[in-house]
Amino acid sequence: MTSIIAFFILICVLVFVHEYGHFWAARKCGVKVIRFSIGFGKVLFKKKDKQGTEFVFSLIPLGGYVQMWNDETDINAPAQQALNTKSVLQRAFIIIAGPAANFIFAILAYWVVFIAGIPTVKPVIGEILPNTIASQARIPTELEITKIGHQSIQDWESASLALVGFVGNKNVPLEGNINGNSTQKI
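Next comes the structure, spelled out in C-alpha cells:
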C-alpha cells in the first residue's frame, strides 16, 4: 500500500513539474493561463489566483494540463494575451518548457541522491550456521569485513564481487575488525 501511495505522490510531483514548466513559460510570454490542472476526474481542490488562473487538483493524478487563452475559441480574450497570437519562437518555448522542466528536475534529483549518498549495509558477519565453510574457518560473529584479498570492502556488494575472484580457491584471505577494535586476519 505504501508503494502505491509513493507512486501516486511521485507521479503528482512529475506532472506538477512538467505542467509548471508550461505555466511558467506561458506567463513569461504574456499568455493568459485559464487553468492549471493536475489529474483528471472529479475535482478535489480548486482555487483562483489574482490573475484569474484556476488551480485544480483532481481525483486521478495521472496527468495534467495548462489551458491557455486562444482568441479563436474565446472572443473575450485580449488578443495580446492569446497563445495563437504569439510568435512561433514563443509558442515553441512554451511547448518545450514542460519537458525541459522535467529534465532540469531529473538533474537536480540525481544531484541530491549523489550528495546524500545511497545507504549501504556494512559487511558484518551475523549468525554462523554449524557445518558451514564459515564455521569450519572459525570466522567470528560480529566481524566487520574490511578486506578480501587485496581489495578494500565497504559493503556486502563489494564483498560479493571480491569473493567471485576466489571461486575454486580453498583459502580466502579476510581482514576485519570486531566492534571497531583490532584488525584480524583470517
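The letter at position 19 of the sequence shown is residue 642 when you use this note's numbering, and the numbering goes up by one with no holes. Ideal Cβ positions, reconstructed from N, Cα and C, are used throughout, including at glycine.
- Annotation: threonine 769 is outside any alpha helix (DSSP H); the continuous beta strand (DSSP E) that includes it extends over 766-771.
- Take the alpha-carbon of asparagine 725 and the one of histidine 641: they are about 6 Å apart.
- Counting other Cβ atoms within 10 Å of its Cβ, valine 638 reaches 16 or more and is therefore classed as buried.
- Using a Cβ-Cβ distance cut-off of 8 Å, the region 713-733 and the region 645-663 are in contact, since at least three pairs of beta carbons, one from each stretch, lie closer than that value.
- Put simply, of Val711, Pro796 and Asp694 the residue whose alpha carbon is nearest the alpha carbon of alanine 705 is Asp694.
- Fewer than three Cβ pairs drawn from the region 683-690 and the region 733-752 lie within less than 8 Å of each other, which leaves the two stretches out of contact.
- Straight-line measurement puts the Cα of glycine 687 at about 13 Å from the Cα of proline 722.
- For asparagine 725, the secondary structure class from DSSP, reduced to helix, strand or coil, is helix.
- Per DSSP, the continuous beta strand (DSSP E) segment holding isoleucine 657 begins and ends at 656-671.
- Counting only runs of 4 or more residues that sit fully inside the region 734-768, the alpha helix (DSSP H) segments are 756-759, in chain order.
- Taking every protein chain shown into account, the CB of histidine 773 has fewer than 16 other CB atoms within 10 angstroms, so this residue is exposed.
- Out of Glu767, Leu667 and Ile751, the CA that lies nearest to the CA of arginine 761 is found in Ile751.
- When beta bridges are read from the DSSP output, leucine 797 appears opposite Ile771.
- Under DSSP, valine 689 takes part in a beta bridge, and its partners are Phe659.
- Here DSSP, grouped into helix, strand and coil, assigns valine 679 to strand.
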